[in-house]
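Asker: One structure follows; several queries about it will come next.
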Amino acid sequence: MYLSKWLFPALFICFLSPARAADPRERIEALNQQFAKALEKGDVSAMMRYYAADAVSMPEHHPTLFNRAAITQYFQQWLKATSGNRYQRTIYSIKAADGYLLESGTYTHDFTQPGQQPFRYAGKYVHIWRIGKKQELTLVSEIWGAAAGFDHAALPLLSPPPTPLQITPIKPADSALARTINTNNAAIAQLVKDRNGAAFSEYYTDDAIYMPYYMPMVIGKDSIHQYYVIHEDPNVGIDTVRINISRILPAGDYVLVNGYYCVNWRAGGNSGLVTGKSINIWKKEPDGKLRLYWQMTNHD
């Protein structure tokens, strides 16, 4: 009887232990596993429980989805067009920002389209989780894309031919940040036009992670520098570059930005238009400047 008297209160305190309940990695791993199970079961309603009302989702080779209704429709269409979905995320890093948790990682998504061989879609992702008043987590922004080149026909929901995207208005309260970030974006756009790969790394923190399309994560400023030196091929001319903001979420020393871009290119007798989108996480450095801490891009 003596043990019984104290056993329940002890268990109750254990379950509510702040140290355990507050562990961000365990919480997000559990959410990712629940999402994967819902996707594999084809339960879109259960999948959507993890999204905030103002969530923005950025699938690869698809236009940005700007609300829960659009995200719901995307997954409904995906499940109608595929079978045998098996999904797994592996967290690489979790970072705390003011009111948010930032997650980066890798994924594998196995599925089959009618009349095709099974396909493994493997890549990397960024998630921005909002921390609610009761410490609940909801997904407010996400982007994903392949870690290597692949046949785009392997994806069931492809974009129409690219067209320039419409600018989403920025809230007046964010205007000072917007001016700073737009200035940085204009400078980066000019580097793209000039094919000046050696100068890009100045806009990244020493411990930055860059996640370009069709490549694994590029980790650290030195590796990012090497990437840009190779990527900015002088044999490819760039006529116009536009880098724009669609939303800003201030988060203490971080600024969480949804963006999009449009590039007109030419190489020899060929030319084209490339559009895409990005999550750009800027960090305020000790010198007062904003530099890119995490950045991921993909194509529409």
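Numbering (mature numbering (1 follows the signal peptide of the UniProt record, and there is no 0)) for the sequence shown: -21 to -1, 1 to 279. Beta carbons: idealized from backbone N, C-alpha and C, even for Gly.
(1) Ends of the beta strand (DSSP E) at Tyr86?
(2) For Arg245, count the other beta carbons within 10 Å of its own beta carbon; 16 or more makes it buried, fewer makes it exposed. Which is it?
(3) Should Pro93 be labelled buried (16 or more other beta-carbon atoms within 10 Å of its own) or exposed?
(4) Please return the same chain residues whose Cβ sits closer than 6 Å to the Cβ of Gly216, not counting the five positions on each side in sequence.
(5) In terms of alpha-carbon separation, which member of Tyr189, Gly124, Arg109, Ile224 lies closest to Leu81?
(6) Under the rule that 16 or more other beta-carbon atoms within 10 Å means buried, what is Ile227, buried or exposed?
(7) Should the segment 159 to 170 be regarded as contacting the segment 125 to 137, the criterion being three or more beta carbon pairs within less than 8 Å?
(8) Which first and last residues belong to the alpha helix (DSSP H) in which Gln169 is found?
(9) Specify, as a first and last residue, the run of the beta strand (DSSP E) that Met190 falls within.
(10) Classify Gln274 as buried or exposed, calling it buried when 16 or more other Cβ atoms lie within 10 Å of its own Cβ.
(11) Which residues share a DSSP beta bridge with Thr254?
(12) Ignoring anything shorter than 3 residues, give me the beta strand (DSSP E) runs that lie fully in the segment 198 to 249, in order along the chain.
(13) Less than 9 Å between the C-beta atoms of Glu121 and Val234, yes or no?
(14) Is it buried or exposed for Leu10, if we count other Cβ within 10 angstroms and need 16 for buried?
Answerer: Reading it off the structure:
(1) Looking at the DSSP string, the run of the beta strand (DSSP E) that includes Tyr86 is 79 to 91.
(2) Exposed is the call here.
(3) Exposed.
(4) Contacts found: Arg245.
(5) Nearest in C-alpha terms to Leu81, of all of Tyr189, Gly124, Arg109, Ile224, is Arg109.
(6) Ile227 comes out buried.
(7) Segments in contact, no.
(8) 154 to 173 is the span of the alpha helix (DSSP H), which, as asked, contains Gln169.
(9) 183 to 190 is the extent of the beta strand (DSSP E) around Met190.
(10) With 16 or more other Cβ atoms within 10 Å, it is buried.
(11) Answer is Cys241, bridged to Thr254.
(12) For the segment 198 to 249, whole beta strand (DSSP E) runs of length 3 or above, ordered along the chain, are 216 to 230, 233 to 246.
(13) Contact: no.
(14) When all chains shown are included, Leu10 counts as buried.
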